[in-house]
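First comes the structure, then the notes that go with it.
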Amino acid sequence: MKNTSKIVSMAKEKTEEKKQMVIETINKMIECDEKITFYSVYQKAGVSKSFVYNNEEIREVIEQHRKSSIKKTQTKDAKDVIIESQKRKIKELEKEIKQYQKDELWKDKFEKLDEENKQLKIQLQQAYKY
């Protein structure tokens with residue numbers, strides 16, 4: 834049993850060293866702005882495909898970088914389209930605000946005229962009572 838425990842511990846150390854080497858490779862790839870995929874990582878690091886896929890820590894690093902790089906790859910054209918769309922939406926909202934302001938002005942005018950009308954009716958009633 835002592836012999837196998839030594840072999841197991843050495844295998845774990847070797848796996849840990851390979852894992853650290855793969856993570857360093859990923860970091861170098863990131864620095865060089867290389868595309869990070871499972872394929873590119875195991876090719877560049879010189880490890881097996883199953884090692885990269887089965888190691889949770891390596892898998893998380895690759896997937897995390899892939900998610901963050903998707904955000905970075907948005908082209909200028911896509912950004913321009915989004916900006917133009919937002920500008921159009923702003924203009925539409927500004928028109929809507931102006932319409933609401935006009936409606937509010939109309940409401941104020943109506944209330945003033947309605948009050949004036951009521952006052953005139955009262956005056957008219959008082960004038961005819963005499």
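Residues in the sequence shown are numbered from 834 upward in steps of one, following my numbering. The beta carbon of each residue, even a glycine, is placed where N, CA and C say it ideally should be. Since the structure is predicted, the reported quantities are computational estimates derived from the model, not experimental observations.
Residue nearest to residue i in terms of C-alpha spacing, selected from the options
| i | options | result |
| --- | --- | --- |
| Ala878 | Thr858, Met862 and Asp866 | Thr858 |
| Met862 | Val874, Lys852 and Lys851 | Val874 |
| Glu890 | Glu849, Lys924, Ser918 and Val880 | Glu849 |
N- and C-terminal bounds of the alpha helix (DSSP H) containing residue i
| i | result |
| --- | --- |
| Val880 | First-last for Val880: undefined, no H or E at that position. |
Cβ-based neighbour list, residue i, same chain, cut-off 7 Å, excluding 5 preceding and 5 following
| i | result |
| --- | --- |
| Asn888 | Lys852 |
Alpha carbon of residue i to alpha carbon of residue j, nearest angstrom
| i | j | result |
| --- | --- | --- |
| Trp939 | Gln958 | 28 Å |
| Glu949 | Lys935 | 21 Å |
| Ser901 | Ile895 | 10 Å |
| Phe943 | Glu937 | 10 Å |
| Lys922 | Tyr933 | 16 Å |
| Ile955 | Lys928 | 41 Å |
| Asp941 | Ala911 | 45 Å |
Cutoff 6 Å; reference residue i; Cβ partners in own chain excluding five residues on either side
| i | result |
| --- | --- |
| His898 | Ile869 |
| Leu946 | none |
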